[in-house]
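Asker: Before I ask anything, here is the structure I am working with.
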DNA sequence: TTGAAAGCGCTAACAA
DNA sequence: TTGTTAGCGCTTTCAA
């Protein structure tokens with residue numbers, strides 16, 4: 001590294017042109033002759049020069065940064081450690097990078113309640129991607145109402161004044177349940193908290209499938225963690241014995257917790273109890289028996305989230321959108 | 001949102017004080033009387049005012065941003081989807097937030113080769129935390145040599161001109177292997193690639209333990225993924241039959257892949273083959289049998305990483321440091 | 001196709 | 001304890 005950090009003006013002097021020319025060249029402005037542009041870019045590289053982003057952000061009123069907020073429910077352990085949420089963050093990172101945008105990672109705790117202020121007024125970011133609706137959409141709504149460019153990963157069917165991208169959770173819940181029914185299950189437990197937006201839709205899909213088959217619903221409402229699932233199923237077994245032959249779990253982590261409880265009691269999967277999860281995380285394939293699951297297309301969703309955010313940044317409006325969903329049939333539900 | 005975005009000068013006018021007073025008050029400068037400070041802060045809140053970070057960064061030459069780079073090996077699938085790396089990122093996020101720092105997430109792909117330039121010269125961040133040494137430390141070294149404030153999660157024993165924080169991988173490998181030996185295992189396979197810095201240390205710990213016990217080493221070198229482990233163990237079984245009675249896996253994901261291969265062939269865990277993983281990810285507890293593992297203290301490590309980075313930012317130097325490690329004994333290795 | 005110059009909003013040195 | 005003021009490094013309008 002040189003003794004002194006170069007600035008735009010220095011580079012301009014070196015090249016014998018004006019600062020505006022260098023600025024334009026480095027920003028690929030077609031006003032500048034291609035030849036000049038290339039020459040200046042090369043000079044910049046040679047001298048290890050980089051534009052000062054603070055200065056350009058100040059001047060251009062644009063950051064090219066997107067804040068990503070992991071909006072987990074406080075009081076629950078589902079959080080920064082949830083493999084699925086993290087996978088989504090990873091995919092969003094890729095999608096943003098492809099558009100030349102950077103990712104400022106945040107949890108709702110850091111940003112406080114006033115996202116609009118914290119991220120946007122302060123020019124930390126141009127827009128926000130919220131991962132997870134949480135139980136209480138008040139913060140999101142407030143930000144959207146304040147005019148913040150904002151998109152959400154969640155259940156697209158939720159009425160909202162901001163675009164939500166996510167899976168068709170209703171269909172997912174229905175598919176999983178129909179699959180269990182087709183395998184011969186008669187008493188299918190729904191394992192998860194229907195009060196949560198996305199899970200609520202999955203639950204309604206479950207109910208719809210049961211209804212068609214004249215089967216009876218049975219909910220074990222738990223937090224979205226594997227240990228809650230483990231304890232939930234254990235308690236159910238202790239209280240009522242093996243009163244079910246199928247489980248539709250609201251997530252794979254939950255399904256795996258349930259699986260553990262079953263295996264410990266030598267309840268055979270899928271023979272005694274068939275099991276379907278949701279998310280298709282890496283572990284679904286590795287577990288034994290491997291876990292059937294509803295696969296969400298997080299990659300496609302991430303691209304859409306970024307597209308819709310960009311649309312808003314350009315003053316266009318964007319609508320909620322559903323992405324495809326798919327049943328991955330593995331051992332835990334084969335008959 | 002108001003029709004016009006307030007700036008510091010507007011707020012100063014509203015309050016009837018100078019801009020410097022407001023600036024100092026909002027930055028909690030003790031020069032300003034506490035009473036005035038509180039009054040101005042409240043006024044700011046009332047008017048939904050936030051300092052323009054671009055402007056303050058430009059002026060103060062400081063971003064309060066730390067770039068976190070996930071430095072996975074290209075060509076390998078271990079990456080943004082690895083639960084352990086992501087857990088580390090999550091912990092780092094928390095540790096940074098506690099110091100009022102923000103986290104710019106990046107993968108090595110986005111930043112390109114010239115980190116110093118991309119993050120530091122461009123004033124995107126004040127410093128860098130690299131998660132994972134990767135197989136080739138050249139990039140990191142170059143950045144460190146260029147004077148970039150930099151810390152790395154990795155193997156602290158690696159000779160380096162930058163501080164590395166991580167577990168005592170040697171002891172971890174030794175502990176795991178000794179535990180398997182104590183359980184009666186005679187032929188323990190090391191499952192992982194010793195060419196990777198951290199894993200290499202684990203391997204040497206494994207060798208040390210074997211050596212003391214006069215046992216023979218047997219390495220199955222694979223990528224750090226569960227599917228590679230699954231195939232690796234399958235191949236070994238096909239080629240040589242059940243020629244081992246213990247596996248020391250270089251990560252939990254790898255251990256779980258191996259476990260799946262064993263279960264599919266009805267090889268009993270831990271009776272026929274005992275198994276210890278590394279990392280203690282959430283799945284270790286959920287799997288069946290539950291997976292014994294070496295737990296790394298990622299929380300402590302994250303705090304240290306941030307501390308050492310801050311030290312460098314303040315012109316002090318910082319040394320590599322080892323964090324404690326612990327064997328979590330579960331079913332996969334009980335006798 | 002390029003240059004001159006103003007100014008983005010803040011902080012901190014200096015003055016009071 | 002507070003105010004005045006210069007200037008951080010860039011982009012962009014206007015002029016040539």
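Residue numbers (UniProt numbering), protein chains in the order written: chain A, 1 to 335; chain B, 1 to 335.
In this text, a Cβ means the ideal position worked out from N, Cα and C, and glycines have one as well.
Rounded to a whole number of angstroms, what is the C-alpha to C-alpha distance between residue 147 of chain A and residue 189 of chain B?
Answerer: Position 147 of the first chain holds residue 147 of chain A. Position 189 of the second chain holds residue 189 of chain B. Using only the alpha carbons, I get a separation of about 59 Å.
Asker: Please compile the residues from chain B whose C-beta is within a distance smaller than 7 Å of the C-beta of residue 57 of chain A.
Answerer: Along the first chain, read from residue 1 onward, the residue named residue 57 of chain A stands at position 57. Correct list: 54.
Asker: At what residues does the alpha helix (DSSP H) containing residue 285 of chain B begin and finish?
Answerer: As a first step, residue 285 of chain B is located in the second chain; it is residue number 285 there, counting from the start. Looking at the DSSP string, the run of the alpha helix (DSSP H) that includes residue 285 of chain B is 282-286.
Asker: Find the nearest neighbour of residue 319 of chain B within the set B/153, B/90 and B/34, judged by alpha-carbon distance.
Answerer: What you label residue 319 of chain B is simply residue 319 of the second chain in a count that begins at 1. Answer by Cα proximity: B/153.
Asker: Given a threshold of 16 other Cβ atoms within 10 Å of its Cβ, counted over all protein chains shown, does residue 165 of chain B qualify as buried or as exposed?
Answerer: One-based indexing of the second chain puts residue 165 of chain B at position 165. Its Cβ being crowded by 16 or more others within 10 Å, residue 165 of chain B is buried.
Asker: Shorter than 7 Å from the beta carbon of residue 123 of chain B to some beta carbon of chain A?
Answerer: As a working mapping, residue 123 of chain B is identified with position 123 in the second chain. For residue 123 of chain B, the answer is yes, since a Cβ of chain A falls inside 7 Å of its Cβ.
Asker: Can the beta-carbon of residue 69 of chain B be found less than 7 Å from the beta-carbon of residue 130 of chain B?
Answerer: Residue numbering aside, residue 69 of chain B sits at position 69 when the second chain is read from its first letter. Residue numbering aside, residue 130 of chain B sits at position 130 when the second chain is read from its first letter. Yes, the Cβ-Cβ distance between residue 69 of chain B and residue 130 of chain B is below 7 Å.
Asker: Short check: CB of residue 6 of chain B to CB of residue 47 of chain B, under 7 Å?
Answerer: For this step, residue 6 of chain B is matched to residue 6 along the second chain. For this step, residue 47 of chain B is matched to residue 47 along the second chain. Taking 7 Å as the Cβ cut-off, residue 6 of chain B and residue 47 of chain B qualify as a contacting pair.
Asker: In terms of alpha-carbon separation, which member of A/198, A/268 and A/126 lies closest to residue 249 of chain A?
Answerer: Counted from its first residue, the first chain places residue 249 of chain A at position 249. Ranking A/198, A/268 and A/126 by Cα distance to residue 249 of chain A puts A/198 first.
Asker: Return the CA-CA distance between residue 15 of chain A and residue 28 of chain A, expressed in angstroms with no decimal places.
Answerer: As a working mapping, residue 15 of chain A is identified with position 15 in the first chain. As a working mapping, residue 28 of chain A is identified with position 28 in the first chain. Rounded to the nearest angstrom, the two C-alpha atoms are 17 Å apart.
Asker: So residue 42 of chain B is in the alpha helix (DSSP H); what residue range does that whole segment cover?
Answerer: By 1-based counting over the second chain, the position of residue 42 of chain B is 42. Per DSSP, residue 42 of chain B belongs to the alpha helix (DSSP H) from 34-46.
Asker: What residues from chain B crowd round residue 286 of chain A, counting only those whose CB sits closer than 7 Å?
Answerer: As a position in the first chain, residue 286 of chain A is number 286, starting the count at 1. Residues of chain B passing the Cβ test: 226, 256, 257 and 260.
Asker: When the cut-off is 7 Å and only beta carbons count, does residue 283 of chain B lie next to chain A?
Answerer: To locate residue 283 of chain B, count along the second chain from 1; it is residue 283. It does: the Cβ of residue 283 of chain B has a partner Cβ on chain A nearer than 7 Å.
Asker: Using a beta-carbon distance below 7 Å, is residue 169 of chain B in contact with chain A?
Answerer: If you number the second chain from 1, residue 169 of chain B lands on position 169. Not an interface residue.
Asker: If we define contact as Cβ-Cβ less than 7 Å, is residue 77 of chain B a contact residue for chain A?
Answerer: Along the second chain, one-based indexing puts residue 77 of chain B at 77. Note that residue 77 of chain B scores 48 on pLDDT, short of 50, meaning its location in the model is unreliable; the coordinates nonetheless yield the value given after this. For residue 77 of chain B, the answer is no, since every Cβ of chain A falls outside 7 Å of its Cβ.
Asker: Going by C-alpha to C-alpha distance, which of B/42, B/63 and B/116 sits closest to residue 45 of chain A?
Answerer: The residue you call residue 45 of chain A lines up with position 45 of the first chain. Closest option to residue 45 of chain A, Cα to Cα, is B/116.
Asker: Looking at the structure shown, is residue 155 of chain B part of a helix, part of a strand, or coil, going by DSSP?
Answerer: By 1-based counting over the second chain, the position of residue 155 of chain B is 155. In the structure shown, residue 155 of chain B sits in coil (DSSP, three-state: anything other than H, G, I, E or B).
Asker: On a Cα-Cα basis, can you pick out the residue from B/225, B/228, B/169 and B/126 that is closest to residue 206 of chain B?
Answerer: Counting from 1 along the second chain, the entry for residue 206 of chain B is found at position 206. Checking every option, the nearest Cα to that of residue 206 of chain B belongs to B/169.
Asker: Does the segment 261-271 of chain B touch the segment 230-249 of chain B, meaning 3 or more C-beta pairs lie closer than 8 Å?
Answerer: The segment 230-249 of chain B vs the segment 261-271 of chain B: in contact.
Asker: Secondary structure at residue 336 of chain A, three-state DSSP: helix, strand or coil?
Answerer: Shown here, chain A extends from 1 to 335; a query on residue 336 of chain A therefore has no answer.
Asker: Do residue 227 of chain A and residue 276 of chain A have their C-beta atoms closer together than 7 Å?
Answerer: Residue numbering aside, residue 227 of chain A sits at position 227 when the first chain is read from its first letter. Residue numbering aside, residue 276 of chain A sits at position 276 when the first chain is read from its first letter. Their beta carbons are not under 7 Å apart, which means residue 227 of chain A does not touch residue 276 of chain A by this criterion.
Asker: Helix, strand or coil: how does DSSP classify residue 279 of chain B here?
Answerer: As a position in the second chain, residue 279 of chain B is number 279, starting the count at 1. Reduced to three states, the DSSP call for residue 279 of chain B is strand.
Asker: Of all Cβ atoms in chain A, is any one closer than 7 Å to the Cβ of residue 93 of chain B?
Answerer: The residue given as residue 93 of chain B occupies position 93 in the second chain. Taking Cβ atoms only, chain A reaches closer than 7 Å to residue 93 of chain B, which makes this a yes.
Asker: Count the C-beta pairs between the segment 291-311 of chain B and the segment 266-281 of chain B that are closer than 8 Å, then say yes if the count reaches three, no if not.
Answerer: Verdict: yes, contact present.
Asker: Out of B/157, B/123 and B/192, which one is the CA nearest neighbour of residue 64 of chain B?
Answerer: If you number the second chain from 1, residue 64 of chain B lands on position 64. Of the listed residues, the one whose Cα sits closest to residue 64 of chain B is B/123.
Asker: Assign residue 226 of chain A to one of three DSSP states: helix, strand, or coil.
Answerer: The residue you call residue 226 of chain A lines up with position 226 of the first chain. The answer is helix: DSSP assigns residue 226 of chain A an H, G or I state.
Asker: Quick one, are the C-beta atoms of residue 252 of chain B and residue 223 of chain B less than 7 Å apart?
Answerer: Counting from 1 along the second chain, the entry for residue 252 of chain B is found at position 252. Counting from 1 along the second chain, the entry for residue 223 of chain B is found at position 223. Not in contact: residue 252 of chain B and residue 223 of chain B (Cβ atoms no closer than 7 Å).
Asker: Between residue 49 of chain A and residue 11 of chain A, which are expected to be in contact by the criterion C-beta below 8 Å, what is the C-beta distance as a whole number of angstroms?
Answerer: Within the first chain, numbered from 1, the residue matching residue 49 of chain A stands at position 49. Within the first chain, numbered from 1, the residue matching residue 11 of chain A stands at position 11. Yes, they are in contact, since the Cβ atoms of residue 49 of chain A and residue 11 of chain A sit about 5 Å apart, within 8 Å.
Asker: When the Cα atoms are used, what is the spatial distance from residue 41 of chain A to residue 139 of chain B?
Answerer: Counting from one through the first chain, the residue named residue 41 of chain A turns up at place 41. Counting from one through the second chain, the residue named residue 139 of chain B turns up at place 139. Cα to Cα, the separation comes out at about 22 Å.
Asker: Give the residues from the segment 5-31 of chain B that approach chain A closer than 7 Å (Cβ to any Cβ), ordered along the chain.
Answerer: Going along the segment 5-31 of chain B in chain order, one finds 5 with a Cβ nearer than 7 Å to chain A.
Asker: Which residues in the same chain have their Cβ closer than 6 Å to the Cβ of residue 1 of chain A, if we skip the five residues on either side of it in sequence?
Answerer: As a working note, residue 1 of chain A is residue 1 in the first chain. Any reading at residue 1 of chain A must be qualified, since the residue scores a pLDDT of 40, below 50, and its modelled position is unreliable; the value itself is stated next. Within the same chain, residue 1 of chain A has no close Cβ partners at all.
Asker: At a CB-CB cut-off below 7 Å, which residues of chain B make contact with residue 117 of chain A?
Answerer: Here residue 117 of chain A refers to the residue found at position 117 of the first chain. Going along chain B in sequence order, the residues near residue 117 of chain A (Cβ under 7 Å) are 48 and 50.
Asker: Relative to the C-alpha of residue 196 of chain B, which residue among B/283, B/151, B/298 and B/137 is closest?
Answerer: For the purposes of this step, residue 196 of chain B is identified with residue 196 of the second chain, where counting begins at 1. The option with the nearest alpha carbon to residue 196 of chain B is B/137.
Asker: Thinking C-beta only, is residue 150 of chain B closer than 7 Å to residue 142 of chain B?
Answerer: The residue you call residue 142 of chain B lines up with position 142 of the second chain. The residue you call residue 150 of chain B lines up with position 150 of the second chain. Cβ distance not < 7 Å, so residue 142 of chain B and residue 150 of chain B don't count as in contact.
Asker: Is residue 104 of chain A closer than 7 Å to residue 67 of chain A when the C-beta atoms are compared?
Answerer: The residue given as residue 67 of chain A occupies position 67 in the first chain. The residue given as residue 104 of chain A occupies position 104 in the first chain. It is a contact, given that the beta carbons lie within the stated cut-off.
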